[in-house]
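Q:
2 protein chains.
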Amino acid sequence: MTDARQASPRRAEILAAAADLFARRGFHGTSIGDLGGALGLTGPALYRHFRGKEAVLAEMLVDISERLRDEGVRRAAASDASAALDALLDWHISFALDNPALITVHERELDNVPEPQRHQVRRVQRAYVEEWVAVLRRLRPDEPEPRIRAAVHACFGLLNSTPYSATGLSRPAMAELLHAMGRAALCC
Amino acid sequence: MTDARQASPRRAEILAAAADLFARRGFHGTSIGDLGGALGLTGPALYRHFRGKEAVLAEMLVDISERLRDEGVRRAAASDASAALDALLDWHISFALDNPALITVHERELDNVPEPQRHQVRRVQRAYVEEWVAVLRRLRPDEPEPRIRAAVHACFGLLNSTPYSATGLSRPAMAELLHAMGRAALCC
DNA sequence: GAAGCTTGTTAACGACCGTTAACATCTGAC
DNA sequence: GTCAGATGTTAACGGTCGTTAACAAGCTTC
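These protein sequences, in sequence, are chains X and D.
One point on numbering: in our numbering, the residue at position 167 of the first sequence is 167, and numbering is uninterrupted.
One point on numbering: in our numbering, the residue at position 6 of the second sequence is 1006, and numbering is uninterrupted.
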């Protein structure tokens, strides 16, 4: 019962609290007691909802990577490659600005995900990257593919820097800035 | 004797091994035993050279931030603002490509540095950012400063993405790509 | 060659961690 | 009203961690 994918309000609360704690203190820096305490519970209560600490992280990363890819596939389908790139940028930026903790955990904690979920997350991440690469190949057909792939990774680094820069910019201003920078970086 | 800043070959070895381990597994994911073992020693041997685990991290981050800033100050002094920006980009990129582990630790583990070194690192980091901001203000005087500062942080995210993208690009090709992307992103 | 400093070792400490067991309470179904 | 399931608690487990203590071996100096 604590095993499979079963949406319950408690599970969602735990995942939200875990995202915040894992982002702020890291997976190894967060104890089960901390995690329960953030919800007004004791540590062992979490075992009613998850098989263990690693299972919380695993479900979190699987969910993030699939959300990014699923919507990425949709956005990349635009017939105009330039519009598709804009749509991908908008999607990734809005996700990063809405979920800074998730972006941080997704970026840092993959190595702590147990198999087989780690392999699954890697596969889904790769599929998401390939959506970007495919759009850019349409946009700049003369560019060698390894260079495009490296550029996409670097662009993610740019867009994902959001959580760390506690800047004085409003959210729309930040979104616009990241879009312009990402676009310029990819099309340089 | 184990206290102050005293360069010894052993200390440098420990710092190098710690950079690698902290980057790969995180500060909390690395034990003193792991760290000693990486050098063919036992854990407690490290206490002959450092006051404790946190002291290793603290010295590492203070050193990184000061190296970045010191050379940053030099590069930013070029009379031509555009040349200064190129020089800053070249510096940061070469540092990141030469020291991927240091860049990773510097980016992720500041919260685990004890006071007062954490405050010191923050101050030096801020000074490094200000070198970039000052150059960009000369280059684009009409741009509001908060936007410039946010752009610099985003650019660091781009340049620091190096360690995660184990790409098929050669080092010169990667350096050239990052330079072009960073320059385009900042001047968009 | 004795003394002392440096740099290691092993053994042991107290604390904390992830997890499990045993038990309590509440809720809904019949 | 009772039973069963879901969801919480406290207590206890084995393991690991950072750190310290006690001791040993090698080098340098006089």
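Beta carbons: idealized from backbone N, C-alpha and C, even for Gly.
None of these values were measured; they are calculated from a predicted model.
Go through the region 1122 to 1168 of chain D residue by residue and report every complete run of the alpha helix (DSSP H) that reaches 4 residues or more, in order.
A: 1145 to 1160
Q: Taking Cβ to Cβ, would you say D:R1075 is nearer than 8 Å to D:A1084?
A: yes
Q: Are the CB atoms of D:C1188 and X:A81 within a distance shorter than 8 Å?
A: In this structure, X:A81 keeps its C-beta atom at 8 Å or more from the C-beta atom of D:C1188.
Q: Can you list the residues of chain D that X:G33 reaches, using a CB-CB cut of under 8 Å?
A: Those do not exist, as X:G33 stays about 15 Å from chain D at its closest Cβ, beyond 8 Å.
Q: At a cut of 8 Å, does the region 126 to 139 of chain X reach the region 40 to 60 of chain X through at least three beta carbon pairs?
A: no
Q: Going residue by residue through the region 1054 to 1101 of chain D, where are the continuous alpha helix (DSSP H) segments of at least 4 residues, counting only ones entirely within it?
A: 1081 to 1098
Q: Is there a Cβ of chain X sitting closer than 8 Å to that of D:T1002, yes or no?
A: Its pLDDT being 42, under 50, D:T1002 is placed unreliably in this model, and the value from its coordinates should be taken loosely. Chain X contact via Cβ: absent.
Q: What residue does the alpha helix (DSSP H) around X:G43 start on, and which one ends it?
A: Careful: X:G43 lies outside any alpha helix (DSSP H) and carries neither H nor E.
Q: If we count the other Cβ atoms within 10 Å of its Cβ and call it buried at 16 or more, is X:S65 buried or exposed?
A: buried
Q: For X:S8, collect the residues of the same chain with a Cβ closer than 8 Å to its Cβ; drop the 5 residues on either side in sequence, then sort them by chain order.
A: H49
Q: Cutting at 7 Å between CB atoms, please list the residues of its own chain near X:P114, excluding the five before and the five after it.
A: These residues qualify, in order along the chain: E54 and A58.
Q: Since D:G1026 and X:N160 are thought to touch, with beta carbons under 8 Å apart, how far apart are those beta carbons, to the nearest angstrom?
A: Between X:N160 and D:G1026 the Cβ distance is about 18 Å, and since that is not below 8 Å, they are no contact.
Q: Buried or exposed for D:Q1006, please, with buried defined as at least 16 other CB atoms from any protein chain shown within 10 angstroms of its CB.
A: exposed
Q: When you compare the CB of D:T1042 with every CB in chain X, is at least one pair closer than 8 Å?
A: no
Q: Just confirm the distance between the C-beta atoms of X:P144 and D:T1167, as a whole number of angstroms; I'd bet it's less than 8 Å.
A: Rounded, the Cβ-Cβ distance is 11 Å, inconsistent with contact.
Q: So, using beta-carbon positions, are X:L21 and X:A38 closer together than 8 Å?
A: yes
Q: Under 8 Å between C-beta atoms, does D:R1122 make it to chain X?
A: no
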